[in-house]
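K.L.:
2 protein chains.
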Amino acid sequence: MLDLAILGLLEERGELHGYEIRRQLREGLGLLANVSFGSLYPALARLEAAGAVEATEVPLVADVPLEPVPPTGSLSGELAVLRARRRTTRRSRGQRARKVYRITDAGRAMFADLLAGSGPTDDSRSFGLRLAFARHLPAPARLALLERRRTQLAERLAEIRSAGSSGLDVYARSVVEHTADALEHDIGWLDRLLESEGLSAGTSRHATGRATAGGTSRHHSLESPRTP
Amino acid sequence: MLDLAILGLLEERGELHGYEIRRQLREGLGLLANVSFGSLYPALARLEAAGAVEATEVPLVADVPLEPVPPTGSLSGELAVLRARRRTTRRSRGQRARKVYRITDAGRAMFADLLAGSGPTDDSRSFGLRLAFARHLPAPARLALLERRRTQLAERLAEIRSAGSSGLDVYARSVVEHTADALEHDIGWLDRLLESEGLSAGTSRHATGRATAGGTSRHHSLESPRTP
DNA sequence: GCGTCGCTATATCGATCCGATATAGTCGGC
DNA sequence: GCCGACTATATCGGATCGATATAGCGACGC
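Going down the list, the protein sequences come from chains A and B.
Under this note's numbering, the letters of the first sequence match residues 147 to 374, in that order.
Under this note's numbering, the letters of the second sequence match residues 147 to 374, in that order.
#1: Note down the Cα distance separating B/Ala287 from B/Leu261, rounded to an integer number of angstroms.
#2: Could you give the distance in angstroms between the alpha-carbon of B/Val199 and the alpha-carbon of B/Asp327?
#3: Taking B/Asp149 as the reference, which of B/Gln170, B/Ala243, B/Glu161, B/Gly253 has the closest Cα?
#4: Count the other C-beta atoms from every protein chain shown that fall within 10 angstroms of the C-beta of B/Glu301, then say buried if there are 16 or more, exposed otherwise.
#5: Who does A/His163 pair with in a DSSP beta bridge?
#6: Please report the distance separating the alpha-carbon of A/Trp335 from that of A/Gly274.
#7: Report yes if the C-beta distance between B/Val204 and B/Arg244 is below 8 Å; otherwise report no.
#8: So what does DSSP say about B/Val204, is it helix, strand or coil?
#9: For A/Ser182, return the contacting residues in chain B, with the cut-off set at a CB-CB distance below 9 Å.
#10: So which of A/Asp268, A/Leu289, A/Ile249 has the shortest CA-CA distance to A/Ser342?
#11: Enumerate in chain order the residues of its own chain whose CB-to-CB distance from A/Ser194 is below 6 Å, with the five nearest sequence positions on each side excluded.
#12: Determine, using beta carbons only, whether A/Glu173 comes closer than 8 Å to chain B.
#13: Counting contacts by CB-CB distance shorter than 8 Å, is A/Thr297 in contact with chain B?
#14: Using a Cβ-Cβ cutoff of 8 Å, what residues of the region 305-328 of chain A are near chain B? List them in chain order.
#15: Excluding the 5 residues preceding and the 5 following A/Pro284 in the sequence, name in chain order all residues of the same chain whose CB lies nearer than 6 Å to its CB.
#16: Is there a C-beta anywhere in chain B that falls below 8 Å from the one on A/Ala353?
#17: Give a yes or no on whether the minimum CB-CB distance between B/Leu291 and chain A is below 8 Å.
#18: Does DSSP put B/Val181 in a helix, in a strand, or in coil?
#19: Would you say A/Leu177 lies against chain B (beta-carbon separation less than 8 Å)?
#20: Which word fits B/Ala196, buried or exposed, when buried means at least 16 other C-beta atoms lie within 10 angstroms of its C-beta?
#21: Report yes if the C-beta distance between B/Ser320 and A/Leu339 is below 8 Å; otherwise report no.
#22: Would you kindly work out how many angstroms separate the C-alpha atoms of B/Thr267 and A/Arg294, rounded to a whole number?
#23: So that I know if they touch, is there some Cβ in chain A lying closer than 8 Å to that of B/Gly344?
#24: Give the interface partners of B/Arg395 over in chain A, defined as CB-CB distance under 7 Å, in chain order.
#25: Could you tell me the boundaries of the alpha helix (DSSP H) in which A/Phe279 lies?
#26: List, in chain order, every chain A residue whose beta-carbon is nearer than 7 Å to that of B/Ala278.
#27: Could you tell me if A/Arg263 is buried or exposed, where buried requires 16 or more neighbouring beta carbons within 10 angstroms of its beta carbon?
#28: Which bits of chain B does A/Arg159 rub up against, with CB to CB less than 8 Å?
#29: For A/Ala318, collect the residues of the same chain with a Cβ closer than 7 Å to its Cβ; drop the 5 residues on either side in sequence, then sort them by chain order.
#30: To the nearest angstrom, how far is the alpha carbon of A/Arg435 from that of B/Ser346?
#31: Bridge partners for A/Val199 per DSSP, in chain order?
#32: Which bits of chain A does B/Leu162 rub up against, with CB to CB less than 7 Å?
#33: With distances taken from CA atoms, which of A/Arg168, A/Leu177, A/Asp259 is nearest B/Leu101?
#34: Among A/Ala309, A/Glu330, A/Arg281, A/Ser182, which residue has its Cα nearest to the Cα of A/Thr297?
#35: For B/Pro188, does the three-state DSSP call read helix, strand or coil?
#36: Hey, B/Glu173 and A/Glu166: beta-carbon distance below 8 Å or not?
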């Protein structure tokens, strides 16, 4: 799951190092807010061992030494020059050596694989992740992803609704009801996405065999798992 | 986190066995929908080793042999009687021996501990869990839990909003925006809970030093982390 | 009869993920 | 000159997940 996130980021944004990957995961994607280093670095090592990414050590100072500092007699002055250079040549703030990673062809293949089904079926995090990279997916697979997710959520919702929140105290009931609300909200979102997918599908409809069937009625059947 | 769920369930519902605990977690609580046996059984073993719960093996037939089957000469007839008895005496469908667990005093202490702070600070699952058992919590702690959670969500929301969804394609943007929406929805829910907590606090207000301060203005400041 | 499917039930394994912690360099403030 | 904040990589133990094994029993079909 993390592998997918890392590969996708490297695919879209080019070269990145671990710390930066984490920031982009937190800020950019919203979900996956707390990927810890304890999972990120092992994941990078894993991917590197598998040949999906390549790493390059980037030392603090630029490899190319530029011009040598002209000896002025003042040691501290020469040091100052070096320091200033280090600051402007690349980075701006207190940093240290880093390892930048870039994706390989094998990595791109792995990315496509992960995006299209393998891995944890679909918890909300891995679904969000897949959807965020959905533009790298062919349209039918995109539809299938959305449909699959919708079915799952509808099932969960039905389960909760049928169990009923009777026999629970105020707090437990509030949790259950809010969970159900959130589920409905999510399903509505998926329906909107499905609709715009169906529209843009245009010429190639019937691609999944049902994508457009009953499409417009979705808004009226939040309760049932789409069996009118 | 699972420990909390198990102990809470045993505290409220009495004796339960592993399989049943899982069902109640799935159906009753909605969240925690997929606790796997791979985490449940180790958790139970853990809790038993720690003395927080006690287990009893419950064999297929009742320990008390009831009356012996009167010999009728027909072996198959006697077997049928035994089978019928097993069916009615306790269970109705194809089952096997189980281990029922009940909470101990040490377990109750541990439950109180887990409920009031220890463990993972607050992801949405463990928060939902704590709230579901909030009636076992003193009112001030309940308020503190809600306030803490609200702050966290507001911070996350601000982070996402400030990062902005520009530079993202349709899908990634949709994910980010939906995440933000869900966050707002959650915050609204917390505000409603906070309000009713504040009201029911009634006589003992100022308990946490702020619970009611600015309470009514919360509805108008979803965007900011409550700094008007 | 007999296989096999589905349900109840417990348990373990490997892989992954998280939270805490260690290490290390740089910068700014006091 | 020391301390805190920030950038950066890495590892460890424990919790969790998904898959799988085992096992008893009922129901269905053939």
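No residue lacks a Cβ here, since even glycine has one placed at the ideal position from N, Cα and C.
P.N.:
Put simply:
#1: 9 Å
#2: If I take the Cα positions, the gap works out to 41 Å.
#3: B/Gly253
#4: Here B/Glu301 is exposed, its C-beta having fewer than 16 other C-beta atoms within 10 Å.
#5: The partner list for A/His163 (beta bridge, DSSP) reads A/Val246.
#6: Roughly 12 Å separates the two Cα atoms.
#7: Inclusion of B/Val204 and B/Arg244 in the CB contact set at 8 Å is warranted, their separation being smaller than that value.
#8: In this structure, B/Val204 counts as strand in the three-state DSSP scheme.
#9: Result: empty, since nearest Cβ-Cβ is about 11 Å, beyond 9 Å.
#10: Checked all of A/Asp268, A/Leu289, A/Ile249; the closest Cα to A/Ser342 is A/Leu289.
#11: In the sequence as presented, Ser is not what sits at residue 194 of chain A; that position holds Glu. If the five residues before and after A/Glu194 are omitted, its C-beta is found closer than 6 Å to the C-beta atoms of Ala201, all from its own chain and listed in chain order.
#12: yes
#13: Not an interface residue.
#14: Glu305, Ile306, Ala309, Leu314, Asp315, Val316, Tyr317, Ala318, Ser320, Val321, Val322, His324, Thr325, Ala326, Asp327, Ala328
#15: Hits under 6 Å: none found.
#16: Its pLDDT being 41, under 50, A/Ala353 is placed unreliably in this model, and the coordinates cannot settle the point.
#17: no
#18: coil
#19: yes
#20: Within a 10 Å sphere around the beta-carbon of B/Ala196 sit fewer than 16 other beta-carbons, which makes this residue exposed.
#21: A/Leu339 sits close to B/Ser320, with the two beta carbons spaced by under 8 Å.
#22: 32 Å
#23: no
#24: Here chain B covers residues 147 to 374 and nothing more, so residue 395 of chain B does not appear.
#25: Unbroken run through A/Phe279: none, as it is neither H nor E.
#26: Tyr317, Ala318, Val321
#27: Rather than Arg, the amino acid found at residue 263 of chain A in this sequence is Gly. Counting Cβ neighbours within 10 Å, A/Gly263 comes out exposed, since fewer than 16 surround it.
#28: A/Arg159 does not reach chain B, its nearest Cβ partner there being about 10 Å away, counting only Cβ pairs nearer than 8 Å.
#29: None.
#30: Because chain A in this structure spans residues 147 to 374, residue 435 of chain A falls outside the shown range and cannot be described.
#31: A/Ile249
#32: Simply none; closest approach about 15 Å.
#33: Nothing can be reported for residue 101 of chain B, as the shown portion of chain B is limited to 147 through 374.
#34: A/Glu330
#35: helix
#36: No; because the gap between Cβ atoms is not below 8 Å, this pair is not in contact.
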